[in-house]
Amino acid sequence: MSITLRGEHFKRDFDYMVYEDGDYFKVLNGDSLAIDYKDKDASTAVAKAISFLTPDRTRKEIVKLKGNFVLTAPIELDSYMILDLRGAKLLLADGVNDSIIKADSKSHFEIIGGLLDGNRDNQTAGEGIDVINCRDFLVKDVFIENSRGHGVLVRDGSERGTVDSCTAINTSGAGFCLSSLNGEVRHVVVSNSKARANNYNGIFLYFGTRQCSVIGCSVREVTFGWGIEFENVLYCQAIGNNIRDCLGIGMKITGSSGIENAFIGNSIYNVGKHGIVVNGNYNVVMGNVVERASNEEDGRYDGIGLAADDGGGGVGSGSVNHNIIKENIIIAPTFYNGLRHGIREYGGDHNIIAYNTIIPNEIRHEIIMWVGSNTRVGRNIGFVTENSGEATISAGSTYVDVPHGLDVTPDPNKIRIVPKDDLGGRSYWISDVDASKFRINIG
1312 MSITLRGEHF
1322 KRDFDYMVYE
1332 DGDYFKVLNG
1342 DSLAIDYKDK
1352 DASTAVAKAI
1362 SFLTPDRTRK
1372 EIVKLKGNFV
1382 LTAPIELDSY
1392 MILDLRGAKL
1402 LLADGVNDSI
1412 IKADSKSHFE
1422 IIGGLLDGNR
1432 DNQTAGEGID
1442 VINCRDFLVK
1452 DVFIENSRGH
1462 GVLVRDGSER
1472 GTVDSCTAIN
1482 TSGAGFCLSS
1492 LNGEVRHVVV
1502 SNSKARANNY
1512 NGIFLYFGTR
1522 QCSVIGCSVR
1532 EVTFGWGIEF
1542 ENVLYCQAIG
1552 NNIRDCLGIG
1562 MKITGSSGIE
1572 NAFIGNSIYN
1582 VGKHGIVVNG
1592 NYNVVMGNVV
1602 ERASNEEDGR
1612 YDGIGLAADD
1622 GGGGVGSGSV
1632 NHNIIKENII
1642 IAPTFYNGLR
1652 HGIREYGGDH
1662 NIIAYNTIIP
1672 NEIRHEIIMW
1682 VGSNTRVGRN
1692 IGFVTENSGE
1702 ATISAGSTYV
1712 DVPHGLDVTP
1722 DPNKIRIVPK
1732 DDLGGRSYWI
1742 SDVDASKFRI
1752 NIG
């Protein structure tokens, strides 16, 4: 009896694999198991493997890397391919001054796994992964460190992409950046990823980026800039993220075109400046927890600031109107630096500040303060702006002083008096309103 084994019945999990073998990097054909190419230069071998993929394909083919690769040039991706880096470490050689992996005007590609080291002290430029004007892509489970620029940069017209479960640490730029300077970035999600020890924001959405989301990410120990920043972006959301131990602002929305964004359900702990800043219009800040902000200086920064400047205690730039600040928890615990205010509106109008819980153990000035004549503040726990009760003017007297129990001095025009008895034609009025009481007069 004879048995014939056919290669197509034993398909490998790659179309081409590049691996180390002595002084060479060899390209193994996944169908024939032949060595189709070898080179002493890792970048050349990887580029050759990508060039071997089927031309004009409409399904994704896989290039797998195994071993340690010192790259003298970026790996440039093609459409309809998977770069499988599980089991690979990529180190950028000195003086490349470019990104480790690049994709320019490609679609339907994936980058999976691997350790990328940008060798930033020996470069003048370069991202960990640079995605330019691309569509329908996935970056997953990649660990990036020491990039001269951003860890992952998605830019200039890219859309419909996901960056998931990645880590970017010790980067000179942001851990993760979406930038629309030369074309709108849209419908990109950064999820379940970690940014740490980044030198310009942990996660940064920039300049015209729209309809993108940052979900379930962790940001720690940012050395310059903010934990998460939305600058001049539209219709974007940051949901369920954790920001802690950063020197600057925890989260910030800024810019004249920073409109209709949302910070929802985020946790901000132990940051140097403001917990959250909103310097834009029509944004929602809801269900966030801010604890131990203003670590840089006692009493200088706020839990949440509207139109707040970066240095604390002053008015920032931009129009700040029609924002909703709702159902947040702000904690200023004892024995740590205090906040300037729990929530402060430095400028703007028509904002809503409601249903927030403020635990004011260490707040140096007003718990909530606002300037807009049409801004509405109410129903906040720890800061009373509404009250009711009864008062009696004794027989023979023409007035009674009423403690109002509010945390602000009320507007006399907004104090409502409803007589319980017939006044017999006499009139009544309000006077002597101050921080603790007002007077009801009758005559």
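Plus 1311 on top of the position in the sequence shown (first one is 1) and you've got my numbering.
Beta carbons are placed, not taken as given, at the ideal position from N, Cα and C, and that holds for glycine.
It should be emphasised that the depicted structure is a prediction, and the values quoted were computed from it without experimental measurement.
| Item | Value |
| --- | --- |
| Which of helix, strand or coil DSSP assigns to Pro1385 | coil |
| Distance between Gly1700 and Cys1477 (C-alpha atoms, nearest Å) | 57 Å |
| Cβ-Cβ distance between Ile1679 and Ile1664 below 8 Å | yes |
| Counted within 10 angstroms of its Cβ, other Cβ atoms place Ala1506 as buried (16 or more) or exposed | buried |
| Pro1714 in three-state terms, based on DSSP | strand |
| C-alpha distance - Asn1667 paired with Ser1502, whole-angstrom precision | 27 Å |
| Where Lys1359 sits in the DSSP three-state scheme | helix |
| Separation of Asn1340 from Arg1323, as counted between CA atoms | 9 Å |
| Contact check, Ile1411 vs Leu1426, beta carbons under 8 Å | no |
| Through-space distance from Asn1512 to Asn1444, alpha-carbon basis | 23 Å |
| Cβ-based neighbour list, Asn1590, same chain, cut-off 8 Å, excluding 5 preceding and 5 following | Lys1563, Ile1564, Thr1565, Gly1566, Gly1569, Leu1617, Ala1618, Ala1619, Gly1627, Ser1628, Gly1629, Val1631 |
| Backbone secondary structure at Ser1699 - three-state DSSP | coil |
| Per-residue DSSP class, three states only, for Asp1432 | helix |
| Cβ distance (whole Å) where Val1530 is taken to contact Ile1554 below 8 Å | 5 Å |
| For Asp1326 and Leu1394, the rounded distance between their alpha carbons | 11 Å |
| Local Cβ density within 10 Å of Ile1728, reported as buried at 16 or more and exposed below that | exposed |
| Counted within 10 angstroms of its Cβ, other Cβ atoms place Met1328 as buried (16 or more) or exposed | buried |
| Per DSSP, cross-strand counterpart(s) of Val1548 | Before going on, a small fix: residue 1548 reads as Gln here, not Val. DSSP, once it has assigned bridges, lists Ser1524, Ala1573 as partnering Gln1548. |
| Cβ neighbours of Ala1515 in the same chain (closer than 6 Å, five flanking residues each side left out) | Residue identity check: residue 1515 is Phe in the sequence provided, not Ala. Excluding positions up to five away in sequence, the list reads Ala1485, Cys1488, Glu1540. |
| Beta strand (DSSP E) segment containing Glu1608, residue limits | Counting along the chain, Glu1608 falls outside any beta strand (DSSP E), and DSSP gives it neither H nor E. |
| Host beta strand (DSSP E) of Ala1485 (start-end) | Premise fails: Ala1485 is in no beta strand (DSSP E) and is neither H nor E. |
| Beta-carbon contacts of Tyr1657 that lie in its chain and below 6 Å, excluding the five residues immediately before and after | Ala1618, Ala1619, Val1626 |
| Cα-Cα separation between Asn1407 and Glu1542, rounded to whole angstroms | Here residue 1407 turns out to be Val, not Asn, going by the sequence shown. Those two C-alpha atoms are separated by around 30 Å. |
| Range of the contiguous beta strand (DSSP E) that encloses Phe1454 | 1454–1456 |
| Boundaries (first-last residue) of the beta strand (DSSP E) holding Ala1508 | No beta strand (DSSP E) contains Ala1508, which DSSP labels as neither H nor E. |
| Bridge-paired residues (DSSP) for Tyr1580 | Arg1555, Glu1602 |
| DSSP state of Ala1353 mapped onto helix, strand, coil | helix |
| Terminal residues of the beta strand (DSSP E) in which Arg1687 lies | 1687–1689 |
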